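Take a look at the structure below.
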Amino acid sequence: MILNIDKFIAEERPNWNELEAFLVRLEKGKKAHFDLEEIQRFHYLYQRTSADLGRLMTFSAEPETRGYLENLVGRSYAEIHEPRKARLGKGLGRLIFKSFPQTFRRHIRSFYLVLVVTLIGAGFGGLTVANNPESKTTILPFSHLHTSPDERIAREMEDKGEQLSGHQAQFASSLMTHNIKVAIFAMGLGITFGIGTLISLFYNGVILGAVSLDYLMADQGAFLTGWLLPHGSIEIPAFLIAGQAGLVLAGAMIGHGDRTPLAQRLRAILPDLMVLIGGVAIMLIWAGLIESFFSQYHEPVIPYWLKISFGASELLLLVFYLTTVGSSSRSHSPSHPPAVGTVTQVVTR
Amino acid sequence: MYQKKTQLRIRTPEGICFTLEPASPLMRFFAWSIDFLVIIGVSLFLQQFVFNHIVAAAPDLSNALYLFMTSALYLCYAMWLEWIWNGRTLGKRLFRLRVMDRQGLHLQPSQVVIRNLLRVIDSLPLFYLVGGLASCFSPLYQRFGDQVANTIVIKLPRFKVPDLTGIGEQKFNSLRSYPHLIGRLRKAVTPAEADIALQALRRRDTLDHRERTELFDRLRDHFKSKTTFPEEAVRTSSSEQYVRNIVELLYCTDQNENNHMVRFGQDKKNH
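Chains as they are written, first to last, in our numbering: chain A, 1 to 349; chain B, 1001 to 1271.
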């Protein structure tokens, strides 16, 4: 095909400019509203520019104009053919009272697996400390847990929480930020086909089991429960749910029994990952506050029965919340969004 | 691994193909460095002008808020900007980069969130070593966050008229009398070939005489193999002149040609 490039550009340039103006309007404000006439005009310009690009394709010596038209067509394509609704800011309420518990239940099998791995880790940690109490200095990363439980409790009772006095908020903040990063890490390790996630959860279980057995062997079960339960009843499930998200990611990567391409499998689980990790972040903020302002105060400042009751109530509420809230409405099942265009990779050089 | 340059070609339902060119890991590192400096700058600003003022009244709360806000800033800076600026942060704007859905569609909130959360993995152990290695081994230069979120970072093209200054003074192009052959030539020559010829003309003065002659002979033969112009149009042209004529035909629209001539006119006046 022989084309008079100059005439072609001169004739079509106004249409390209008009299409670009539409695109700028759309991209500047995500809520830009067009009336019917404008939508029809936008669609017409998209088709016309697509046709122009098709005509210019044969003119390989016009790379600049072609690149420009490809850019226009690509941007318009994204506006016109996007089948998914962008949902951001639908509210914290929706996340808490609907999406989070629903998503948790939808992937309950991953949660059970995570729970089992953590319990095996806890059993391993407990057995190790029971057989060789000296091993806790190797297993436990926190130096304040290396001393004997009796020594620590005596010190804490004497201290009456004064050590944290005036620094509770800072302590809470550092707990929240650190724990949220660890939770994201546990989820992200799903890209190792879940191996990294499972290892991190197993190790968490080892620490938990070692500490628990250390205190139980020292006959300090009340202290242990009063210390761990108020924040642990939220924090530990939060880490388990982060691990659950990691396994959801791993499941999509492995794609066992699912013949859709990897990219589509990942695309389908992204909203669920976002919801799960959002819920986990909220849980960890709460747990950070409780750990700093409540858990670290022991008898005689706060009686154990009060702390244990509080922690047990939290745990019951959490179980109730995760198993029942949001169950009345139809739960959304993840689907593979249709691929509207054909995508190929071209190795040029 | 890294030398292979891959483009993403998307075919729309209307049957039109367009390509997205992935940004190289190096460009992305530069853009990230700018963003990192912005994050550091904002953190310092907050510390200096906000938290230092409330630290006297409530030191614990001030420190807690500062710690929380800087962590949130590090996690949410790119998320927020990529959402409101269609896949661009300050650094990406500066380097004309943009995050896009791998299918050429709009970025979804979940994609923005997950690709940025996975920076926790990609940034390990220091300076995005894990993410950098992952992108070097990925044909579309995707770090792990991009691979999971189905996103790619692309270079945004500019629409510009090719700069033909420096290809030499051109009085008459004997090939211009054959419009049908010009059309055939433009169709047959690839952008890379056209660019090689243009660069050869620009740099011709840096070559010694023998290399220059040899180069332009080879280019002439190459372009002759693409389209053959009648003998009377090329008989009196040297190889270099022939290549110059070809470059003019490939790049010069009428508009460009006029500008080109005006530029030459100005150059002459200046001289």
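Ideal placement from N, C-alpha and C gives every residue a C-beta, glycine not left out.
If you're wondering where the values come from, they're calculated on a predicted model, not measured in any experiment.
Short of 7 Å Cβ to Cβ, which residues in the segment 271 to 295 of chain A face chain B?
Per Cβ criterion, the list reads Pro271, Leu273, Met274 and Ile277.
With a threshold of 8 Å between beta-carbons, can arginine 1102 of chain B be considered close to chain A, or not?
It does: the Cβ of arginine 1102 of chain B has a partner Cβ on chain A nearer than 8 Å.
Cβ closer than 7 Å: which chain A residues qualify as neighbours of alanine 1064 of chain B?
Result: Ala169, Gln170, Ala172 and Ser173.
Name the one or two DSSP bridge partners that arginine 1098 of chain B has.
Beta-bridge partners of arginine 1098 of chain B (DSSP): B:Ile1154.
Taking 6 Å as the limit between beta carbons, can you name the residues of its chain near proline 230 of chain A, skipping five residues before and five after?
So the qualifying residues of the chain are Ile290, Phe294, Ser295, Lys307, Phe310 and Gly311.
Which residue marks the beginning of the beta strand (DSSP E) containing isoleucine 1010 of chain B, and which one marks its end?
Where isoleucine 1010 of chain B is concerned, the enclosing beta strand (DSSP E) stretches over 1006 to 1011.
For the segment 1095 to 1120 of chain B, which residues have a CB atom closer than 7 Å to at least one CB atom of chain A, in sequence order?
Answer set for the segment 1095 to 1120 of chain B: Arg1102, Gln1103, Gly1104, Leu1105, His1106, Gln1108, Pro1109, Ser1110, Gln1111, Val1113, Ile1114, Leu1117, Leu1118 and Val1120.
For the segment 119 to 162 of chain A, which segments carrying the alpha helix (DSSP H) assignment without a break, of at least 4 residues, lie completely within its bounds, in sequence order?
DSSP assignment within the segment 119 to 162 of chain A yields the following whole alpha helix (DSSP H) runs of 4 residues or more, N-terminal first: 136 to 139 and 149 to 159.
List, in chain order, every chain A residue whose beta-carbon is nearer than 7 Å to that of isoleucine 1016 of chain B.
The answer, in chain order, is Ser50, Leu53, Gly54 and Val73.
Just list the beta strand (DSSP E) runs in the segment 1170 to 1226 of chain B, keeping only unbroken ones of 3 residues or longer that don't cross its boundaries, in chain order.
Correct list: empty.
Beta carbon proximity, lysine 181 of chain A to chain B, threshold 8 Å:
The Cβ of lysine 181 of chain A sits closer than 8 Å to at least one Cβ of chain B.
As a quick exercise: from A:Glu79, A:Glu162 and A:Tyr44, pick the residue whose alpha carbon is nearest that of glutamate 27 of chain A.
Out of A:Glu79, A:Glu162 and A:Tyr44, the CA that lies nearest to the CA of glutamate 27 of chain A is found in A:Glu79.
Going by the CB atoms, is the gap between leucine 266 of chain A and valine 1148 of chain B shorter than 8 Å?
Between valine 1148 of chain B and leucine 266 of chain A, the C-beta spacing is below 8 Å.
Quick one: what's threonine 1019 of chain B bridged to in DSSP?
In DSSP, threonine 1019 of chain B forms a bridge with B:Arg1009.
For serine 1024 of chain B, decide whether its Cβ has a neighbour in chain A, counting only Cβ atoms nearer than 8 Å.
For serine 1024 of chain B, the answer is no, since every Cβ of chain A falls outside 8 Å of its Cβ.
Does the contact criterion of 3 or more C-beta pairs under 8 Å hold for the segment 181 to 196 of chain A versus the segment 97 to 104 of chain A?
Contact between the segment 181 to 196 of chain A and the segment 97 to 104 of chain A is absent, because fewer than three Cβ pairs lie under 8 Å.
On the three-state DSSP scale, how would you describe lysine 1268 of chain B?
The pLDDT assigned to lysine 1268 of chain B is 36, lower than 50, so where the model puts this residue is not dependable, and the model offers no usable value.
Okay, do the segment 200 to 214 of chain A and the segment 313 to 323 of chain A touch, 3+ Cβ pairs below 8 Å being the bar?
In short, these stretches do not touch, since the Cβ pair count stays below three.
Cutting at 8 Å between CB atoms, please list the residues of its own chain near valine 1243 of chain B, excluding the five before and the five after it.
Beyond the five residues adjoining it in sequence on each side, valine 1243 of chain B comes within less than 8 Å, by CB distance, of Ala1197, Ala1200, Leu1201, Phe1216, Leu1219, Arg1220 and Phe1223 in the same chain, given in chain order.
Does the segment 1031 to 1039 of chain B come into contact with the segment 1089 to 1104 of chain B, if we say contact requires no fewer than three beta-carbon pairs (one atom in each stretch) closer than 8 Å?
Judged by Cβ distances under 8 Å, the segment 1031 to 1039 of chain B makes contact with the segment 1089 to 1104 of chain B, as three or more pairs qualify.
Going along the chain, which residues of the segment 1135 to 1151 of chain B sit with their C-beta nearer than 9 Å to a C-beta in chain A?
Residues passing the 9 Å Cβ filter: Pro1139, Leu1140, Phe1144, Gly1145, Gln1147, Val1148, Ala1149 and Asn1150.
Have a look at threonine 359 of chain A and leucine 1073 of chain B and give me their C-alpha separation to the nearest angstrom.
In the structure as shown, chain A starts at 1 and stops at 349, and residue 359 of chain A therefore has no counterpart that could be examined.
Under the three-state DSSP convention, the category glycine 311 of chain A falls into:
In the three-state reduction of the DSSP assignment, glycine 311 of chain A falls in the helix class, which pools H, G and I.
Does the beta carbon of tyrosine 68 of chain A sit closer than 8 Å to a beta carbon anywhere in chain B?
At least one chain B Cβ lies under 8 Å of tyrosine 68 of chain A.
Within the chosen definition, does the segment 211 to 222 of chain A reach the segment 118 to 136 of chain A through at least 3 CB pairs nearer than 8 Å?
Contact between the segment 211 to 222 of chain A and the segment 118 to 136 of chain A is present, because at least three Cβ pairs lie under 8 Å.
Note down, in chain order, each residue of its chain lying with its Cβ closer than 7 Å to the Cβ of leucine 998 of chain B, except the 5 sequence neighbours on either side.
An answer regarding residue 998 of chain B cannot be provided, because it is not within the stretch 1001 to 1271 covered by chain B.
For leucine 240 of chain A, count neighbouring Cβ atoms within 10 angstroms of its own Cβ and tell me buried if that reaches 16, exposed if not.
The residue is buried, with at least 16 neighbouring Cβ atoms inside 10 Å.
What is the rounded straight-line gap between the Cα of glutamate 1248 of chain B and the Cα of serine 1238 of chain B?
Separation of glutamate 1248 of chain B and serine 1238 of chain B (C-alpha to C-alpha, rounded to the nearest whole angstrom) is 15 Å.
What does serine 1071 of chain B reach in chain A if we use C-beta pairs closer than 7 Å?
Simply Thr177.
Expressed to the nearest angstrom, what Euclidean distance is found between the alpha-carbon atoms of threonine 225 of chain A and glycine 232 of chain A?
When the Cα atoms are used, threonine 225 of chain A and glycine 232 of chain A turn out to be separated by approximately 9 Å.
Could you tell me whether the Cβ of alanine 250 of chain A comes closer than 8 Å to any Cβ of chain B?
Not closer than 8 Å to any Cβ of chain B, the Cβ of alanine 250 of chain A fails to qualify, so no.
Beta carbon of leucine 1175 of chain B nearer than 8 Å to that of alanine 1233 of chain B:
Contact flag set, yes.
Is there a Cβ of chain A sitting closer than 8 Å to that of asparagine 1245 of chain B, yes or no?
Not an interface residue.
Can you tell me whether DSSP reads serine 331 of chain A as helix, strand or coil?
Unreliable placement is indicated for serine 331 of chain A, whose pLDDT of 49 sits below 50; no coordinate value is reported for it.
So, for threonine 1213 of chain B: in the same chain, excluding its five sequence neighbours on each side, which residues have a beta-carbon less than 6 Å away from its beta-carbon?
Correct list: empty, nothing qualifies.
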